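S.K.: Can you read through this structure? Questions will come right after.
Shown next as C-alpha coordinates:
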(Lines of atoms letter the chains of each structure in order from A and count residues from 1; the text may use other names and numbers.)
(Lines give C-alpha, C1' and ligand atoms only; values in the text may rest on other atoms or scores of the structure.)
Protein backbone atom coordinates (compact mmCIF):
# COMPACT_ATOMS: atom_id res chain seq x y z
CA UNK A 1 0.00 0.00 0.00
CA UNK A 2 1.26 3.42 -0.81
CA UNK A 3 2.30 6.01 1.75
CA UNK A 4 0.83 9.49 1.94
CA UNK A 5 2.75 12.20 0.14
CA UNK A 6 3.93 14.76 2.73
CA UNK A 7 2.65 17.57 0.48
CA UNK A 8 -0.85 16.13 0.79
CA UNK A 9 -0.53 15.33 4.49
CA UNK A 10 -3.50 16.21 6.70
CA UNK A 11 -1.33 17.35 9.60
CA UNK A 12 0.53 19.75 7.29
CA UNK A 13 -2.80 21.23 6.18
CA UNK A 14 -3.82 21.54 9.84
CA UNK A 15 -0.61 23.43 10.62
CA UNK A 16 -1.07 25.72 7.62
CA UNK A 17 -4.72 26.41 8.46
CA UNK A 18 -3.92 27.20 12.09
CA UNK A 19 -1.12 29.54 11.07
CA UNK A 20 -3.34 31.30 8.55
CA UNK A 21 -6.18 31.74 11.04
CA UNK A 22 -3.80 33.01 13.74
CA UNK A 23 -2.27 35.55 11.36
CA UNK A 24 -5.73 36.69 10.28
CA UNK A 25 -6.89 37.11 13.88
CA UNK A 26 -3.70 38.97 14.83
CA UNK A 27 -4.12 41.27 11.83
CA UNK A 28 -7.77 42.03 12.65
CA UNK A 29 -6.87 42.64 16.29
CA UNK A 30 -4.13 45.07 15.37
CA UNK A 31 -6.32 46.88 12.86
CA UNK A 32 -8.89 47.37 15.60
CA UNK A 33 -6.31 48.52 18.15
CA UNK A 34 -4.63 50.82 15.66
CA UNK A 35 -7.90 52.41 14.54
CA UNK A 36 -9.07 52.90 18.13
CA UNK A 37 -5.75 54.29 19.37
CA UNK A 38 -5.36 56.60 16.38
CA UNK A 39 -8.89 57.90 16.80
CA UNK A 40 -8.36 58.45 20.53
CA UNK A 41 -5.05 60.29 20.04
CA UNK A 42 -6.52 62.54 17.36
CA UNK A 43 -9.59 63.17 19.52
CA UNK A 44 -7.41 64.14 22.48
CA UNK A 45 -5.38 66.51 20.31
CA UNK A 46 -8.53 68.17 19.03
CA UNK A 47 -9.89 68.48 22.57
CA UNK A 48 -6.69 70.23 23.62
CA UNK A 49 -6.82 72.62 20.66
CA UNK A 50 -10.54 73.33 21.13
CA UNK A 51 -10.05 74.03 24.85
CA UNK A 52 -7.32 76.59 24.14
CA UNK A 53 -9.34 78.18 21.33
CA UNK A 54 -12.35 78.57 23.59
CA UNK A 55 -10.20 80.07 26.36
CA UNK A 56 -8.61 82.60 24.00
CA UNK A 57 -11.97 83.51 22.43
CA UNK A 58 -13.47 84.08 25.87
CA UNK A 59 -10.48 86.20 26.80
CA UNK A 60 -10.94 88.33 23.67
CA UNK A 61 -14.60 88.77 24.43
CA UNK A 62 -14.00 89.78 28.04
CA UNK A 63 -10.74 91.78 27.89
CA UNK A 64 -10.50 92.95 24.32
CA UNK A 65 -8.23 92.36 21.34
CA UNK A 66 -5.06 93.78 22.95
CA UNK A 67 -5.22 91.31 25.83
CA UNK A 68 -5.48 88.27 23.54
CA UNK A 69 -2.69 89.52 21.33
CA UNK A 70 -0.39 89.71 24.36
CA UNK A 71 -1.52 86.28 25.54
CA UNK A 72 -0.76 84.77 22.10
CA UNK A 73 2.78 86.18 22.18
CA UNK A 74 3.32 84.65 25.64
CA UNK A 75 1.98 81.29 24.53
CA UNK A 76 4.32 81.19 21.55
CA UNK A 77 7.26 81.23 23.97
CA UNK A 78 6.04 78.00 25.63
CA UNK A 79 5.44 76.18 22.33
CA UNK A 80 2.45 75.67 20.15
CA UNK A 81 1.17 77.37 17.07
CA UNK A 82 -0.96 80.51 17.41
CA UNK A 83 -1.97 83.37 15.14
CA UNK A 84 -4.59 86.08 14.94
CA UNK A 85 -5.52 87.89 11.76
CA UNK A 86 -8.00 90.64 11.00
CA UNK A 87 -10.95 90.25 8.66
CA UNK A 88 -8.73 91.16 5.69
CA UNK A 89 -6.16 88.47 6.56
CA UNK A 90 -3.58 90.80 8.01
CA UNK A 91 -1.47 89.39 10.86
CA UNK A 92 -2.34 90.91 14.23
CA UNK A 93 -0.32 88.54 16.46
CA UNK A 94 1.33 85.15 16.46
CA UNK A 95 3.18 83.09 13.85
CA UNK A 96 2.96 84.48 10.34
CA UNK A 97 3.67 81.03 8.83
CA UNK A 98 0.18 79.79 9.64
CA UNK A 99 -1.79 80.01 6.41
CA UNK A 100 -5.13 81.87 6.67
CA UNK A 101 -8.04 79.40 6.36
CA UNK A 102 -11.82 79.64 6.89
CA UNK A 103 -13.37 78.78 10.22
CA UNK A 104 -13.19 75.08 11.13
CA UNK A 105 -10.65 72.25 11.32
CA UNK A 106 -7.76 72.12 8.87
CA UNK A 107 -4.51 70.21 8.40
CA UNK A 108 -1.44 71.85 6.90
CA UNK A 109 2.09 70.85 6.15
CA UNK A 110 4.44 71.83 8.94
CA UNK A 111 6.13 75.09 7.89
CA UNK A 112 9.69 73.91 8.47
CA UNK A 113 12.55 75.80 6.98
CA UNK A 114 15.64 73.90 5.91
CA UNK A 115 14.33 70.53 7.11
CA UNK A 116 14.53 67.22 5.21
CA UNK A 117 11.61 65.71 3.34
CA UNK A 118 11.47 62.90 5.91
CA UNK A 119 11.06 65.42 8.76
CA UNK A 120 8.38 67.22 6.80
CA UNK A 121 6.56 63.92 6.25
CA UNK A 122 6.73 63.04 9.95
CA UNK A 123 5.22 66.36 11.09
CA UNK A 124 1.91 68.01 10.30
CA UNK A 125 -0.10 70.88 11.67
CA UNK A 126 -3.68 70.43 12.90
CA UNK A 127 -5.37 73.86 13.10
CA UNK A 128 -8.69 75.09 14.44
CA UNK A 129 -9.77 78.40 12.90
CA UNK A 130 -12.28 80.41 14.98
CA UNK A 131 -13.93 83.65 13.83
CA UNK A 132 -14.32 86.20 16.65
CA UNK A 133 -17.17 88.68 17.08
CA UNK A 134 -15.22 91.53 15.47
CA UNK A 135 -14.60 89.53 12.28
CA UNK A 136 -11.01 88.59 13.08
CA UNK A 137 -9.80 84.95 13.00
CA UNK A 138 -8.03 83.07 15.79
CA UNK A 139 -5.80 80.14 14.77
CA UNK A 140 -4.64 77.50 17.27
CA UNK A 141 -2.56 74.54 16.05
CA UNK A 142 -0.63 71.51 17.29
CA UNK A 143 2.08 69.34 15.80
CA UNK A 144 0.71 65.90 14.77
CA UNK A 145 4.11 64.25 15.22
CA UNK A 146 2.81 62.37 18.28
CA UNK A 147 0.17 60.71 16.11
CA UNK A 148 2.83 59.82 13.55
CA UNK A 149 4.98 58.30 16.31
CA UNK A 150 1.97 56.28 17.45
CA UNK A 151 1.60 54.99 13.88
CA UNK A 152 5.26 53.99 13.76
CA UNK A 153 5.03 52.30 17.15
CA UNK A 154 2.04 50.25 16.02
CA UNK A 155 3.79 49.39 12.73
CA UNK A 156 6.81 48.00 14.59
CA UNK A 157 4.66 46.16 17.10
CA UNK A 158 2.52 44.80 14.27
CA UNK A 159 5.56 43.43 12.44
CA UNK A 160 7.05 41.77 15.53
CA UNK A 161 3.68 40.45 16.64
CA UNK A 162 3.01 38.94 13.21
CA UNK A 163 6.43 37.29 13.25
CA UNK A 164 5.86 35.88 16.74
CA UNK A 165 2.35 34.78 15.77
CA UNK A 166 3.69 33.08 12.65
CA UNK A 167 6.34 31.18 14.59
CA UNK A 168 4.09 30.19 17.50
CA UNK A 169 1.12 29.31 15.29
CA UNK A 170 3.32 27.24 12.96
CA UNK A 171 4.93 25.46 15.91
CA UNK A 172 1.55 24.85 17.52
CA UNK A 173 0.05 23.67 14.23
CA UNK A 174 2.94 21.29 13.60
CA UNK A 175 2.66 19.97 17.14
CA UNK A 176 -1.09 19.47 16.80
CA UNK A 177 -0.65 17.91 13.36
CA UNK A 178 2.07 15.62 14.70
CA UNK A 179 -0.27 14.41 17.44
CA UNK A 180 -2.96 13.72 14.82
CA UNK A 181 -0.42 11.98 12.60
CA UNK A 182 0.77 9.79 15.47
CA UNK A 183 -2.81 8.75 16.23
CA UNK A 184 -3.55 7.99 12.57
CA UNK A 185 -0.22 6.21 12.05
CA UNK A 186 -1.47 3.24 14.08
CA UNK A 187 -4.62 3.10 11.96
CA UNK A 188 -2.60 3.24 8.74
CA UNK A 189 -0.14 0.54 9.84
CA UNK A 190 -2.98 -1.74 10.90
CA UNK A 191 -4.91 -1.32 7.64
CA UNK A 192 -1.71 -1.91 5.67
CA UNK A 193 -1.01 -5.12 7.60
CA UNK A 194 -4.59 -6.33 7.13
CA UNK A 195 -4.43 -5.45 3.43
CA UNK A 196 -1.23 -7.50 3.18
CA UNK A 197 -3.06 -10.54 4.59
CA UNK A 198 -2.47 -10.35 8.36
CA UNK A 199 -6.08 -10.58 9.57
CA UNK A 200 -4.94 -10.94 13.19
CA UNK A 201 -3.57 -7.37 13.36
CA UNK A 202 -5.47 -4.95 15.60
CA UNK A 203 -5.12 -1.30 16.61
CA UNK A 204 -3.70 -0.62 20.07
CA UNK A 205 -6.48 1.40 21.73
CA UNK A 206 -5.82 4.48 23.83
CA UNK A 207 -7.24 5.26 27.25
CA UNK A 208 -8.65 8.75 26.62
CA UNK A 209 -11.97 7.51 25.20
CA UNK A 210 -11.90 10.31 22.63
CA UNK A 211 -12.97 10.26 18.97
CA UNK A 212 -9.82 8.42 17.88
CA UNK A 213 -10.36 5.76 20.54
CA UNK A 214 -13.93 5.27 19.32
CA UNK A 215 -12.72 4.90 15.72
CA UNK A 216 -10.07 2.41 16.84
CA UNK A 217 -12.66 0.40 18.77
CA UNK A 218 -15.02 0.35 15.77
CA UNK A 219 -12.17 -0.68 13.46
CA UNK A 220 -11.12 -3.51 15.77
CA UNK A 221 -14.72 -4.73 16.00
CA UNK A 222 -14.98 -4.64 12.21
CA UNK A 223 -11.68 -6.54 11.80
CA UNK A 224 -12.83 -9.13 14.33
CA UNK A 225 -15.98 -9.67 12.28
CA UNK A 226 -14.10 -9.80 8.99
CA UNK A 227 -11.51 -12.17 10.46
CA UNK A 228 -14.25 -14.43 11.75
CA UNK A 229 -16.06 -14.48 8.41
CA UNK A 230 -12.83 -15.07 6.45
CA UNK A 231 -11.88 -17.86 8.82
CA UNK A 232 -15.27 -19.50 8.40
CA UNK A 233 -15.05 -19.11 4.62
CA UNK A 234 -11.59 -20.64 4.58
CA UNK A 235 -12.70 -23.51 6.81
CA UNK A 236 -15.71 -24.21 4.60
CA UNK A 237 -13.56 -24.10 1.45
CA UNK A 238 -10.96 -26.43 2.94
CA UNK A 239 -13.65 -28.77 4.26
CA UNK A 240 -15.29 -28.95 0.84
CA UNK A 241 -11.94 -29.58 -0.86
CA UNK A 242 -11.01 -32.29 1.65
CA UNK A 243 -14.45 -33.88 1.58
CA UNK A 244 -14.49 -34.04 -2.21
CA UNK A 245 -10.89 -35.13 -2.57
CA UNK A 246 -11.30 -38.17 -0.32
CA UNK A 247 -14.19 -39.87 -2.18
CA UNK A 248 -12.63 -38.95 -5.50
CA UNK A 249 -9.36 -40.61 -4.42
CA UNK A 250 -11.26 -43.72 -3.41
CA UNK A 251 -13.11 -43.70 -6.71
CA UNK A 252 -9.82 -43.47 -8.54
CA UNK A 253 -8.45 -46.46 -6.62
CA UNK A 254 -11.53 -48.52 -7.52
CA UNK A 255 -11.23 -47.50 -11.16
CA UNK A 256 -7.59 -48.60 -11.14
CA UNK A 257 -8.60 -51.91 -9.61
CA UNK A 258 -11.31 -52.33 -12.25
CA UNK A 259 -8.81 -51.43 -14.94
CA UNK A 260 -6.44 -54.14 -13.74
CA UNK A 261 -9.16 -56.80 -13.84
CA UNK A 262 -10.29 -55.99 -17.38
CA UNK A 263 -6.95 -55.63 -19.13
CA UNK A 264 -8.21 -57.72 -22.05
CA UNK A 265 -11.34 -55.69 -22.63
CA UNK A 266 -9.93 -52.84 -24.65
CA UNK A 267 -13.06 -50.61 -24.85
CA UNK A 268 -13.59 -50.85 -21.10
CA UNK A 269 -9.89 -50.14 -20.49
CA UNK A 270 -10.03 -47.02 -22.64
CA UNK A 271 -13.10 -45.76 -20.77
CA UNK A 272 -11.50 -46.41 -17.39
CA UNK A 273 -8.26 -44.70 -18.46
CA UNK A 274 -10.21 -41.60 -19.49
CA UNK A 275 -12.14 -41.59 -16.19
CA UNK A 276 -8.88 -41.91 -14.23
CA UNK A 277 -7.34 -39.03 -16.22
CA UNK A 278 -10.36 -36.85 -15.48
CA UNK A 279 -10.14 -37.68 -11.79
CA UNK A 280 -6.42 -36.90 -11.79
CA UNK A 281 -7.15 -33.47 -13.29
CA UNK A 282 -9.80 -32.75 -10.67
CA UNK A 283 -7.56 -33.95 -7.85
CA UNK A 284 -4.80 -31.67 -9.16
CA UNK A 285 -7.28 -28.80 -9.18
CA UNK A 286 -8.27 -29.44 -5.56
CA UNK A 287 -4.61 -29.68 -4.57
CA UNK A 288 -3.90 -26.34 -6.25
CA UNK A 289 -6.90 -24.69 -4.55
CA UNK A 290 -5.75 -25.95 -1.18
CA UNK A 291 -2.25 -24.66 -1.86
CA UNK A 292 -3.56 -21.21 -2.86
CA UNK A 293 -5.69 -21.09 0.31
CA UNK A 294 -2.67 -21.91 2.48
CA UNK A 295 -0.54 -19.30 0.67
CA UNK A 296 -3.19 -16.58 1.08
CA UNK A 297 -3.38 -17.45 4.77
CA UNK A 298 0.01 -15.73 5.13
CA UNK A 299 1.39 -18.20 7.67
CA UNK A 300 4.33 -19.07 5.38
CA UNK A 301 5.65 -15.52 5.79
CA UNK A 302 7.00 -16.43 9.22
CA UNK A 303 9.42 -18.93 7.62
CA UNK A 304 10.97 -16.56 5.09
CA UNK A 305 14.74 -16.56 4.72
CA UNK A 306 17.29 -15.13 2.32
CA UNK A 307 17.26 -17.12 -0.93
CA UNK A 308 19.41 -16.87 -4.04
CA UNK A 309 16.88 -16.07 -6.76
CA UNK A 310 19.70 -16.21 -9.33
CA UNK A 311 20.57 -19.84 -8.54
CA UNK A 312 16.92 -20.87 -8.27
CA UNK A 313 15.95 -19.28 -11.60
CA UNK A 314 19.03 -20.72 -13.34
CA UNK A 315 18.20 -24.24 -12.13
CA UNK A 316 14.52 -24.12 -13.15
CA UNK A 317 15.34 -22.62 -16.57
CA UNK A 318 17.97 -25.28 -17.30
CA UNK A 319 15.52 -28.04 -16.30
CA UNK A 320 12.95 -26.79 -18.82
CA UNK A 321 15.36 -26.19 -21.72
CA UNK A 322 15.10 -29.84 -22.93
CA UNK A 323 11.34 -29.83 -22.29
CA UNK A 324 11.01 -26.81 -24.56
CA UNK A 325 13.27 -28.41 -27.17
CA UNK A 326 11.08 -31.52 -27.24
CA UNK A 327 8.04 -29.34 -27.94
CA UNK A 328 9.93 -27.38 -30.64
CA UNK A 329 10.36 -24.22 -28.61
CA UNK A 330 13.54 -22.51 -27.44
CA UNK A 331 14.44 -20.98 -24.07
CA UNK A 332 17.01 -18.20 -23.72
CA UNK A 333 18.46 -17.47 -20.27
CA UNK A 334 19.73 -14.09 -19.06
CA UNK A 335 20.28 -14.07 -15.32
CA UNK A 336 22.29 -11.59 -13.25
CA UNK A 337 24.44 -13.10 -10.51
CA UNK A 338 23.93 -12.60 -6.76
CA UNK A 339 20.30 -11.52 -6.86
CA UNK A 340 18.73 -12.47 -3.52
CA UNK A 341 15.22 -12.17 -2.11
CA UNK A 342 13.61 -12.83 1.25
CA UNK A 343 11.09 -15.61 0.78
CA UNK A 344 10.07 -19.27 0.80
CA UNK A 345 12.16 -21.46 -1.50
CA UNK A 346 9.40 -23.97 -2.31
CA UNK A 347 6.87 -21.25 -3.16
CA UNK A 348 9.38 -19.36 -5.31
CA UNK A 349 10.13 -22.62 -7.14
CA UNK A 350 6.40 -23.13 -7.74
CA UNK A 351 6.12 -19.58 -9.11
CA UNK A 352 8.99 -20.13 -11.56
CA UNK A 353 7.72 -23.55 -12.66
CA UNK A 354 4.21 -22.22 -13.34
CA UNK A 355 5.46 -19.25 -15.36
CA UNK A 356 7.83 -21.32 -17.52
CA UNK A 357 5.26 -24.09 -18.05
CA UNK A 358 2.61 -21.52 -19.04
CA UNK A 359 5.01 -19.99 -21.57
CA UNK A 360 5.72 -23.44 -23.08
CA UNK A 361 2.12 -24.67 -23.02
CA UNK A 362 0.37 -21.54 -24.35
CA UNK A 363 2.68 -20.60 -27.23
CA UNK A 364 2.78 -22.14 -30.71
CA UNK A 365 5.67 -24.29 -31.92
CA UNK A 366 8.89 -22.48 -32.93
CA UNK A 367 8.24 -19.85 -30.27
CA UNK A 368 11.10 -18.23 -28.39
CA UNK A 369 10.94 -17.89 -24.59
CA UNK A 370 13.17 -15.65 -22.50
CA UNK A 371 13.84 -16.26 -18.80
CA UNK A 372 15.54 -13.14 -17.40
CA UNK A 373 16.47 -11.92 -13.93
CA UNK A 374 17.97 -8.50 -13.25
CA UNK A 375 17.92 -5.58 -10.85
CA UNK A 376 15.82 -2.47 -11.47
CA UNK A 377 17.22 1.04 -11.03
CA UNK A 378 16.14 1.05 -7.38
CA UNK A 379 17.76 -2.35 -6.72
CA UNK A 380 14.53 -4.38 -6.83
CA UNK A 381 15.02 -7.94 -8.19
CA UNK A 382 12.89 -8.28 -11.33
CA UNK A 383 12.01 -11.62 -12.92
CA UNK A 384 10.79 -11.61 -16.55
CA UNK A 385 9.32 -14.45 -18.60
CA UNK A 386 8.76 -13.35 -22.20
CA UNK A 387 7.51 -15.14 -25.29
CA UNK A 388 6.63 -14.18 -28.84
CA UNK A 389 3.34 -16.06 -28.93
CA UNK A 390 -0.20 -14.74 -29.21
CA UNK A 391 -0.14 -12.93 -25.87
CA UNK A 392 -3.17 -12.01 -23.76
CA UNK A 393 -5.58 -9.18 -24.66
CA UNK A 394 -5.28 -6.14 -22.41
CA UNK A 395 -8.86 -6.42 -21.16
CA UNK A 396 -8.24 -10.03 -20.06
CA UNK A 397 -4.96 -9.58 -18.18
CA UNK A 398 -6.48 -8.87 -14.79
CA UNK A 399 -9.09 -11.57 -15.23
CA UNK A 400 -6.64 -14.43 -15.97
CA UNK A 401 -5.05 -13.92 -12.52
CA UNK A 402 -8.26 -15.13 -10.86
CA UNK A 403 -8.70 -18.82 -9.96
CA UNK A 404 -10.39 -21.07 -12.51
CA UNK A 405 -10.33 -18.46 -15.27
CA UNK A 406 -9.18 -19.67 -18.69
CA UNK A 407 -9.24 -17.95 -22.04
CA UNK A 408 -11.11 -19.57 -24.90
CA UNK A 409 -7.87 -20.17 -26.80
CA UNK A 410 -6.50 -22.25 -23.87
CA UNK A 411 -9.48 -24.47 -23.11
CA UNK A 412 -8.27 -27.40 -25.20
CA UNK A 413 -4.73 -27.41 -23.78
CA UNK A 414 -5.34 -29.03 -20.41
CA UNK A 415 -4.62 -27.56 -17.01
CA UNK A 416 -6.86 -26.34 -14.22
CA UNK A 417 -6.79 -22.59 -14.81
CA UNK A 418 -4.98 -22.05 -11.52
CA UNK A 419 -1.40 -21.52 -12.72
CA UNK A 420 -1.39 -17.72 -12.84
CA UNK A 421 -3.67 -17.51 -9.78
CA UNK A 422 -1.06 -19.45 -7.81
CA UNK A 423 1.67 -17.17 -9.18
CA UNK A 424 -0.36 -14.15 -8.06
CA UNK A 425 -0.83 -15.61 -4.56
CA UNK A 426 2.91 -16.31 -4.18
CA UNK A 427 3.83 -12.84 -5.48
CA UNK A 428 1.40 -11.15 -3.07
CA UNK A 429 2.74 -13.20 -0.17
CA UNK A 430 6.27 -11.96 -0.96
CA UNK A 431 5.15 -8.34 -1.43
CA UNK A 432 6.08 -8.53 -5.12
CA UNK A 433 4.34 -6.73 -7.98
CA UNK A 434 3.06 -9.01 -10.75
CA UNK A 435 2.43 -7.46 -14.16
CA UNK A 436 1.27 -8.88 -17.50
CA UNK A 437 2.56 -6.69 -20.35
CA UNK A 438 2.75 -6.68 -24.12
CA UNK A 439 6.09 -8.06 -25.40
CA UNK A 440 5.31 -6.92 -28.99
CA UNK A 441 4.58 -9.64 -29.97
CA UNK A 442 3.73 -12.03 -27.20
CA UNK A 443 3.41 -11.76 -23.44
CA UNK A 444 5.82 -10.46 -20.82
CA UNK A 445 5.21 -11.54 -17.24
CA UNK A 446 7.28 -9.50 -14.78
CA UNK A 447 7.56 -10.06 -11.03
CA UNK A 448 9.23 -7.22 -9.15
CA UNK A 449 10.37 -8.29 -5.67
CA UNK A 450 11.22 -6.21 -2.63
CA UNK A 451 15.03 -5.86 -2.19
CA UNK A 452 16.32 -8.32 0.39
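Numbering (the numbering used here), first residue to last: 37 to 488.
Just so you know, even glycine gets a beta-carbon here, dropped at the ideal spot from N, CA and C.
Owing to the predicted nature of the structure, the values given are computational and were not obtained by experimental measurement.
Given a threshold of 16 other Cβ atoms within 10 Å of its Cβ, counted over all protein chains shown, does residue 339 qualify as buried or as exposed?
M.R.: exposed
S.K.: Are three or more beta carbon pairs between the region 418-430 and the region 473-482 nearer than 8 Å?
M.R.: yes
S.K.: I believe residue 165 touches residue 138 by the beta-carbon criterion, under 8 Å. Please report the beta-carbon distance rounded to the nearest angstrom.
M.R.: 6 Å
S.K.: In this structure, does DSSP put residue 120 in helix, strand or coil?
M.R.: If DSSP states are grouped into helix, strand and coil, residue 120 belongs with the strands.
S.K.: The alpha helix (DSSP H) with residue 354 in it runs from where to where?
M.R.: 345-362
S.K.: Could you check where the alpha helix (DSSP H) with residue 194 kicks off and where it finishes?
M.R.: Element bounds for residue 194: 181-231.
S.K.: Just to check my reading of the structure: residue 51 and residue 213 have Cβ atoms closer than 8 Å, yes? What is that Cβ distance to the nearest angstrom?
M.R.: 5 Å
S.K.: Let's see if you can read the secondary structure: which residues bound the alpha helix (DSSP H) around residue 111?
M.R.: 101-113
S.K.: If you follow the alpha helix (DSSP H) that residue 396 is in, where does it begin and where does it stop?
M.R.: 381-397
S.K.: Would residue 104 pass as a contact of residue 92 if the rule is Cβ separation under 8 Å?
M.R.: Cβ atoms of residue 104 and residue 92: closer than 8 Å.
S.K.: Counting C-beta neighbours from all protein chains within 10 Å, is the total for residue 258 16 or more, i.e. buried, or is it exposed?
M.R.: Here residue 258 is exposed, its C-beta having fewer than 16 other C-beta atoms within 10 Å.
S.K.: Let's see if you can read the secondary structure: which residues bound the beta strand (DSSP E) around residue 423?
M.R.: 417-423
S.K.: Can you tell me whether DSSP reads residue 249 as helix, strand or coil?
M.R.: helix
S.K.: Can you tell me whether residue 136 is buried or exposed, with buried defined as 16 or more other CB within 10 angstroms of its CB?
M.R.: exposed
S.K.: With 16 as the cutoff for other CB atoms within 10 Å, does residue 390 come out buried or exposed?
M.R.: buried
S.K.: Classify residue 67 as buried or exposed, calling it buried when 16 or more other Cβ atoms lie within 10 Å of its own Cβ.
M.R.: exposed
S.K.: Confirm, please, whether the CB-CB distance from residue 162 to residue 85 is below 8 Å.
M.R.: yes
S.K.: DSSP on residue 369, reduced to helix/strand/coil?
M.R.: In the structure shown, residue 369 sits in a strand (DSSP, three-state: E or B).
S.K.: Considering only the beta carbon of each residue, do residue 406 and residue 371 sit closer than 8 Å?
M.R.: Residue 371 is positioned such that its CB atom lies no closer than 8 Å to that of residue 406.
S.K.: Should residue 188 be labelled buried (16 or more other beta-carbon atoms within 10 Å of its own) or exposed?
M.R.: exposed
S.K.: Alpha carbons only, please: which of 312, 297, 263 and 264 is nearest the one belonging to residue 287?
M.R.: 312
S.K.: Buried or exposed: which applies to residue 365, given that a residue is buried once 16 or more other Cβ atoms fall within 10 Å of its Cβ?
M.R.: buried
S.K.: If you run the structure through DSSP and keep just helix, strand and coil, what is residue 473?
M.R.: Of the three classes helix, strand and coil, the one that applies to residue 473 here is strand, per DSSP.
S.K.: Nearest to residue 221 by alpha carbon, out of 248, 234, 199 and 200?
M.R.: 248
S.K.: Identify, in the order they occur along the chain, each residue of the same chain with its Cβ nearer than 8 Å to the Cβ of residue 342, setting aside the five sequence neighbours on each side.
M.R.: 376, 377, 378 and 488
S.K.: Can residue 239 and residue 256 be called in contact, C-beta distance under 8 Å?
M.R.: yes
S.K.: Taking contact to mean at least 3 C-beta pairs separated by less than 8 Å, is the region 58-72 in contact with the region 140-148?
M.R.: no
S.K.: DSSP three-state call for residue 483: helix, strand or coil?
M.R.: In the structure shown, residue 483 sits in a strand (DSSP, three-state: E or B).
S.K.: If you measure between the beta carbons of residue 107 and residue 117, is that distance less than 8 Å?
M.R.: no
S.K.: With distances taken from CA atoms, which of 194, 122, 211 and 203 is nearest residue 175?
M.R.: 122
S.K.: Counting C-beta neighbours from all protein chains within 10 Å, is the total for residue 490 16 or more, i.e. buried, or is it exposed?
M.R.: The question about residue 490 has no answer here: the residues shown for the chain are numbered 37 through 488.
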